[in-house]
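To start, the structure under review is shown below, and the notes come after it.
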Amino acid sequence: MTTPQLIIVMGVSGSGKSTFASKLAPTLDYYFIEADDHHSAENKAHMAAGKPLTDAMREPWIDELISQVMRQHQQGQSVVLAYSGLRQSHRAKFRQAFPQCQCLFLEVARDELIKRMKQRKAHFMPASLLDSQLAALEPFADDEQITTLDGAQSLDQLVAQVLRR
7 MTTPQLIIVM GVSGSGKSTF ASKLAPTLDY YFIEADDHHS AENKAHMAAG
57 KPLTDAMREP WIDELISQVM RQHQQGQSVV LAYSGLRQSH RAKFRQAFPQ
107 CQCLFLEVAR DELIKRMKQR KAHFMPASLL DSQLAALEPF ADDEQITTLD
157 GAQSLDQLVA QVLRR
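In this text, residue positions in the sequence shown follow our numbering: the first is 7, and each later residue adds one.
Have a look at this one:
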C-alpha cells in the first residue's frame, strides 16, 4: 500500500489556488480540501468586514486543516489542499505533520490579483485585504522546498507542469 500524499497549493487571495487545486485533485485521484471552507464563521465575518486575520485567529484554522488531511490519510486517501501558506511558522506545522508534502506556490502579479478578486462572486475576502495578505506573505526558506509556479498560466499548463514532476 502506498503512503498517502499531500500537495499544498499556496498563494495569496486571487492567485487561483482553489481553481487549480480543484482541477489537480481529480486528475491525480486525490481528495480536494478547500481551506477557506474550514474558517470559523467569526474569521469569515472578520475578513468580510475588511479586517485581516491575526496569527492567533489563524492557529485553530491551521490545526483544523491538519486534522482534515490526517483524516483523509487515515482512510488511505491522498490530498490536494488549497491553502494560503502566508506564514513560515504555519507552513512549518504542515511540514512537521507531513514531512513529505509537496508545496506549490502560485505567483501572480498584483494587478492581476486585484482583477481576479473583483471578478469573484460571493467570496468573503474583499479585494481591499489583498495588500495585507501580500504584506503577511513571508519569504520561503531554502529548507521549505516550495516550487513556485507562474499563476498566469492556463489550468491545463499548470496541471501538466505538476504531472511532469
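Don't be surprised by glycine CBs; every beta carbon is placed ideally from N, CA and C. A quick note: this is a predicted structure, and the numbers were derived from the prediction, not measured.
{"Check": "Phe-38 (DSSP reduced to helix, strand or coil)", "Outcome": "strand"}
{"Check": "Unbroken beta strand (DSSP E) run spanning Phe-100, endpoints", "Outcome": "Premise fails: Phe-100 lies in the alpha helix (DSSP H), 94 to 103, not in any beta strand (DSSP E)."}
{"Check": "Per DSSP, the bridge partner or partners of Met-53", "Outcome": "In the DSSP output, where bridge partners are listed per residue, Met-53 has none listed."}
{"Check": "Distance between Asp-42 and Asp-69 (C-alpha atoms, nearest Å)", "Outcome": "13 Å"}
{"Check": "Exposed unless 16 or more other CB atoms sit within 10 angstroms - verdict on Arg-171", "Outcome": "exposed"}
{"Check": "Spatial distance of Leu-6 from Leu-12 (CA atoms)", "Outcome": "Outside the displayed range of the chain (7 to 171) lies residue 6, so it cannot be described from this structure."}
{"Check": "For Val-86, the three-state DSSP class (helix, strand or coil)", "Outcome": "strand"}
{"Check": "C-beta atoms of Val-75 and Ala-31 nearer than 9 Å", "Outcome": "no"}
{"Check": "Segment contact flag, the segment 147 to 156 with the segment 48 to 60, C-beta cutoff 8 Å, min 3 pairs", "Outcome": "no"}
{"Check": "Segment contact flag, the segment 114 to 121 with the segment 58 to 66, C-beta cutoff 8 Å, min 3 pairs", "Outcome": "no"}
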